[in-house]
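Single-structure report; data block below.
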Amino acid sequence: MSEESSSISVKYFVSRFLILLAVSLTVGLGGFFSHALESHQAVACAVFIGLIMGTLFFWKFRLALAFLGLAVLIFTGSLDIPHFVQSSSLEVILFLVGMMVIVGALRDLGFFTWIVQLIVEMPNLSGMKFITVTSVASALLACAVDEVTSIIFISTLIFQVCDRLKLNPTPYILIAVLATNIGSSGTMMGNPVGIYIGTKGGLTFGDFMLWSFPIMLVSLFAVIALLLFIFRKDLKKFDESLQNRLAQGLSLAPRVKVPYKPGLILLVCTVCAIASHHPTEELLGLPKNTVLIVAPLVCSGIVMIIKQNRARYYIEREVDWWTLIFFMLLFAVAGTLEYTEVDKVMASGFSKICGTSPYELVPFIFFTSAVGSAFVDNVIFVAAFCPVIEQLSLSVKDFPLWWALLFGACFGGNITMIGSTANIVALGMLEKRPSASHVTFMKWLAVGLPATLLSGVIVVGTLLLLEPSMADRPADLNFAKVEKSTGREFCNKLATFEVAGVRAYDENSASVPDQSLITGSAIEGGADLMFGDKPHTLATAYGKNEGEAIAVALPEGFELTDSPLTLTGTMYTVPETEAKYPVLLVVKEAKAPKTK
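First residue of the sequence shown: 661, per the numbering used here; consecutive thereafter.
Here is the structure:
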């Protein structure tokens, strides 16, 4: 029997590995022979797809597959060691290490036990009140620490209450874990993808609190209302069992005095340190998000000094080194897509499918990342999408795109039972409970899919509604990025552009169509153009290399110069022109370039 089982295991492994190999080779060779990809790009895509398939088929071997994939990239010259170090996002890894140590200390200090105690001791408890408070607490805990820690403690609470009321805990666990996944999108601390998106997109803690957190709350309460309706019969049983127990003079849980203050102080100090990172960085003149990365390390360092007898335990047991090393290698493999410029190919493809309108890009990014995250670790999809959004941000407003990616990756985990680590942890705990009913794939899907669709509609609708009020951060453009061959299209895109000088308009070097993009009036060299009710003069900005020239509209009083300048303004694509650089930059400001 043992030999037969071993034989089946080998057959399973070989068959899945052959599928993985076939898919990877098909992607790589197909892209190369169709001339869509160069050789290094084909290798990068093949390895990345192989890693995705590997995590799907061989979850326990994902780290080994990441090692092998990295080796293939380096041996084929698709990635070198300096770029491996650069793209492995060590700053994200350090942030997660610090937060894991802090979570371990909070567990030691009884903070989570105190939260559980507060919920159990609520007055006038009912099924609806219990699951609503539990779900909100689970979501907010996910925001403050992480989704796995949150669901472990909330699940423990649910099992304790359901055991005393002799109820099936499955519906309550499902509601709590869906709320946890939604809550993990509220801050950059709730999910590894949050801090990764924050660092890659240059987003601050304040940005998350201003845009992500409120949208998360609206989605959370909408989904809770939906789930309360779906499980209304179970909530009725909860009320009946609770009344019977209270009639017998019994409580839901014994009262335990928990010394919660040290844990609460630690959490508040950590959150405040992270929340104040942006003004601190401006005050000290530090690069963006420097204090954000260091804050958890400072707090965890102080914790290890105070609790020196537990310091080694925190580092060795509380820090999930297996997962962190996998993340680091995954980021490096995904960084190869940027290093080999596959991200430009993908961004161009997205633009052809969706154009450059947020009304098409936001839904596309949200639902693509949600569906992908339903079956594969969401970090993988975010790592692949971030370079693409960085390319798209050169020509479109990037804020809505980053939020669409964040919410899609987090909310997509609710679709299937393998969609997030919190799901897997909760189901593992549920399987050990004799009173729990078995959760099948379809049973989860019947709850998770409508919850995701509802929250997705809310997110996409809200992002599109708020898009006009989101800031358009200037894209750092140059002649290579606006060349016609890139296929990029600009429409009122805020940008900075370094030029070697600005001269009188020369139609032979910077071609402009007969009709103005905005005013509709004829354009001629030296003619006045009206932008924002202010007259502008058409001129030519040229680069250091021969043939580099773009049309610029200069504000009144601007003096032509042969000195280097950094121009800031709005960029437009000039249609129907054969110029190599078919753009028009409406200049708002000009400064001497910063010395590097």
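Idealized CB from N, CA, C, for every residue including glycine.
Delimiting residues of the beta strand (DSSP E) encompassing residue i
i       : result
Glu1245 : Checking the sequence, you will find Leu at residue 1245 rather than Glu. Unbroken beta strand (DSSP E) run through Leu1245: 1243–1251.
Asp768  : Where Asp768 is concerned, there is no enclosing beta strand (DSSP E), although the alpha helix (DSSP H) it sits in stretches over 750–768.
Tyr1232 : 1225–1233
Leu984  : Leu984 -> not in any beta strand (DSSP E); alpha helix (DSSP H) instead, spanning 981–999.
Asp1132 : Taken as a continuous stretch (DSSP letters only), Asp1132 belongs to no beta strand (DSSP E), as it is neither H nor E.
Proximal residues to residue i (C-beta, below 7 Å), its chain only, five neighbours per side dropped
i       : result
Val687  : Cys705, Ala706, Ile709
Val837  : Ile811, Ala1082, Asn1083, Ala1086
Leu754  : Ile953, Leu957
Tyr1019 : Leu1124
Leu1109 : Ile1075
Ser798  : Ser810, Ile811, Ile814, Ala836, Ala839, Thr840, Gly843
Met876  : Ile842, Gly843, Ser845, Gly846
Ser738  : His700, Val703, Ala704, Thr996, Thr1000
Leu834  : Val1107
Ser675  : none
DSSP beta-bridge partners of residue i
i       : result
Thr1200 : Arg1163, Ala1211
Ala682  : Answer is none; Ala682 lacks a bridge partner.
Leu1154 : Thr1230
Thr840  : Bridge partners of Thr840: none, in fact.
Thr1221 : Val1162
Close beta carbons around residue i, own chain, < 6 Å, minus the five adjacent residues each side
i       : result
Gly861  : Trp1062
Thr1288 : Nothing about residue 1288 can be reported from this structure: the residues present for the chain run from 661 to 1256 only.
Trp1104 : Met1077
Ala702  : Gly688, Gly691, Phe692
Met988  : Ser748, Ile753
Phe873  : Gly846
Ala1155 : Pro1134, Ala1135, Leu1137, Met1231
His743  : Tyr999
Ala802  : Ser810, Thr840, Gly843, Ser844, Gly850
Leu723  : Phe986
Lys1007 : The residue asked about is misnamed: residue 1007 is Ala in this sequence, not Lys. Contacts found: Val1048, Gln1051, Leu1052.
Ser669  : none
Met605  : Outside the shown range of the chain (661 to 1256) lies residue 605, about which nothing can therefore be said.
Cβ shell of residue i (< 8 Å), same chain only, five flanking positions each side left out
i       : result
Leu984  : Ile753, Leu756, Val757
Tyr1241 : Phe1139, Val1142, Glu1143, Lys1144, Ala1170, Glu1208, Ala1209, Ile1210
Glu751  : Thr859, Asn949, Ile953
Run of the alpha helix (DSSP H) containing residue i, from where it starts to where it stops
i       : result
Val805  : Run containing Val805: none; DSSP gives neither H nor E here.
Gly1009 : 1002–1014
Asp894  : 892–907
Val918  : Here Val918 belongs to no alpha helix (DSSP H), and DSSP marks it neither H nor E.
Ala704  : 699–717
Val1085 : 1081–1091
Arg722  : 722–735
His695  : Counting along the chain, His695 falls outside any alpha helix (DSSP H), and DSSP gives it neither H nor E.
Val659  : An answer regarding residue 659 cannot be provided, because it is not within the stretch 661 to 1256 covered by the chain.
Phe1067 : 1059–1071
Gly846  : First-last for Gly846: undefined, no H or E at that position.
Trp774  : 771–780
Ala1030 : 1018–1033
Asn1038 : 1038–1052
Ser747  : 741–747
Residue-chain proximity (residue i, chain D), Cβ-Cβ < 8 Å
i       : result
Trp1104 : Absence of chain D from the displayed structure is noted, only one protein chain being present.
Three or more beta-carbon pairs under 8 Å between the stretch 924–940 and the stretch 894–908, yes or no? no
What runs of the alpha helix (DSSP H), each 4 residues or longer, lie entirely inside the stretch 927–954? 937–944
Answer yes if the stretch 737–750 comes into contact with the stretch 981–995, meaning at least three C-beta pairs across the two stretches below 8 Å, and no otherwise. yes
Touching by the beta-carbon criterion (3+ pairs, under 8 Å), the stretch 958–973 and the stretch 807–821: no
With a threshold of 8 Å, are at least 3 pairs of Cβ atoms found where one atom belongs to the stretch 842–852 and the other to the stretch 870–881? yes
Okay, do the stretch 1235–1253 and the stretch 1141–1150 touch, 3+ Cβ pairs below 8 Å being the bar? yes
Does the stretch 814–831 come close enough to the stretch 1089–1100 to have 3 or more Cβ pairs within less than 8 Å? yes
Mind the definition here: the stretch 1054–1068 touches the stretch 1021–1037 only if three or more C-beta pairs lie below 8 Å; say whether that holds. yes
For the 8 Å Cβ check, are there 3 or more pairs between the stretch 1045–1058 and the stretch 1119–1138? yes
Counting beta carbon pairs with one atom in the stretch 731–746 and one in the stretch 927–947, are three or more of them shorter than 8 Å? no
contact_flag[the stretch 887–895, the stretch 777–790] where n(CB pairs < 8 Å) is 3 or more: yes
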